[in-house]
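Q:
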Amino acid sequence: MGRSVFRFLSRQPDKPDLASEFHRLRLARYSDFEQWHALRAESRSFLQPWEPSWRPDDLTERAFRARVLRNEQEYYAGLAVPLFLFSRSDDTLLGGLTIGLIRRGASQSCMIGYWMGERHAGHGHMFAALQLAIPYIFRVLELHRIEAACIPDNQKSIRLLERTGFQREGLLREYLKINGQWRDHALYSRLAETAGGNRDKER
Numbered sequence: 001m002g003r004s005v006f007r008f009l010s011r012q013p014d015k016p017d018l019a020s021e022f023h024r025l026r027l028a029r030y031s032d033f034e035q036w037h038a039l040r041a042e043s044r045s046f047l048q049p050w051e052p053s054w055r056p057d058d059l060t061e062r063a064f065r066a067r068v069l070r071n072e073q074e075y076y077a078g079l080a081v082p083l084f085l086f087s088r089s090d091d092t093l094l095g096g097l098t099i100g101l102i103r104r105g106a107s108q109s110c111m112i113g114y115w116m117g118e119r120h121a122g123h124g125h126m127f128a129a130l131q132l133a134i135p136y137i138f139r140v141l142e143l144h145r146i147e148a149a150c151i152p153d154n155q156k157s158i159r160l161l162e163r164t165g166f167q168r169e170g171l172l173r174e175y176l177k178i179n180g181q182w183r184d185h186a187l188y189s190r191l192a193e194t195a196g197g198n199r200d201k202e203r
């Protein structure tokens, strides 16, 4: 796979740091607060219909620092890989992509979720992020199955998932409390075999 699709910035990094020619995914840092605060604040009305209700202190620096610490703890515990998405040209924060609910044992699966700042939406950035994240999930985390759930009337998210090879499996009734209401979600999945990530096929 060419470097324009994805590459690792360092071999076997302590923390994930994935990049293509134009995009970069990495864990959040305390120094990201100003960018994160500005982007989330200006995008609130755009994001709120698709997210859990924001806490009153959600945009404070204290809450952000707690989030960064929690993200690192979840990463080192093997539970999640919460990533920020940046433009490589100027290190502008574009959004986020979380590889969460990582299950080992017989499951070998995870759930992904993502968000995009309003001014960066519609430019293919999250599609590019998934092109980085999917090989990382199958080849580095060595998981077999990626799941994603979205509200059925979120057509943009559905088109994104279908474009990146996810298939719809069914409906999860009142799956998550979104913007104060329990909402049904469509369940999508992508398997390692359908991603070229099956290790037996690669040998």
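Numbered by the UniProt record's numbering, the letters in the sequence shown go through residues 1 to 203 in order. Positions of the beta carbon are idealized from the N, C-alpha and C atoms, including for glycine. Given the structure is predicted, the values throughout are model-derived calculations rather than measurements.
1. Which residues in the same chain have their Cβ closer than 8 Å to the Cβ of glutamate 169, if we skip the five residues on either side of it in sequence?
2. Mark serine 157 as exposed unless 16 or more other C-beta atoms lie within 10 angstroms of its C-beta, in which case mark it buried.
3. Using C-beta distances below 7 Å, list every residue in its chain close to alanine 195, excluding the 5 sequence neighbours before and after it, in chain order.
4. Residue range of the beta strand (DSSP E) that proline 82 falls in?
5. Among Arg40, Pro56 and Leu176, which residue has its Cα nearest to the Cα of glycine 96?
6. Drop a sphere of 10 angstroms on the beta-carbon of alanine 148, count the other beta-carbons inside from all chains shown, and report buried for 16 or more, exposed for fewer.
7. If you draw a straight line from the alpha carbon of residue 209 to that of leucine 83, how long is it in whole angstroms?
8. Return the CA-CA distance between threonine 92 and serine 43, expressed in angstroms with no decimal places.
9. State the beta-bridge partners of isoleucine 112 as determined by DSSP.
A: For this structure:
1. Looking up residue 169 in the sequence shown gives position 169. Cβ neighbours of glutamate 169 within its own chain (closer than 8 Å, five residues either side excluded): Leu187, Tyr188 and Ser189.
2. What you label residue 157 is simply residue 157 of the sequence shown in a count that begins at 1. Under a 10 Å Cβ-count criterion, serine 157 is classified as buried, with 16 or more other Cβ atoms of the shown protein chains found around its own Cβ.
3. Sequence index remark: in the sequence shown, residue 195 carries index 195 (1-based). Since pLDDT at alanine 195 reaches only 49, below the 50 mark, its modelled position is unreliable, and the value read off the structure follows with that caveat. Same-chain partners within the cutoff: Ile134, Phe138 and Gly165.
4. On the sequence shown, residue 82 is found 82 positions in, with the first residue counted as 1. That run of the beta strand (DSSP E) goes 81-87.
5. In the sequence shown, counting from the first residue as 1, residue 96 sits at position 96. Considering only alpha carbons, the answer is Arg40.
6. Numbered from its first residue, the sequence shown carries residue 148 at position 148. So alanine 148 ends up on the buried side.
7. Residue 209 is absent from the structure shown; the chain starts at 1 and stops at 203.
8. Locating residue 92 in the sequence shown gives position 92, counting from the first residue. Locating residue 43 in the sequence shown gives position 43, counting from the first residue. As the crow flies, the alpha-carbon of threonine 92 is around 15 Å from that of serine 43.
9. Walking along the sequence shown from the start, residue 112 turns up at place 112. Ile99 and Ala148.
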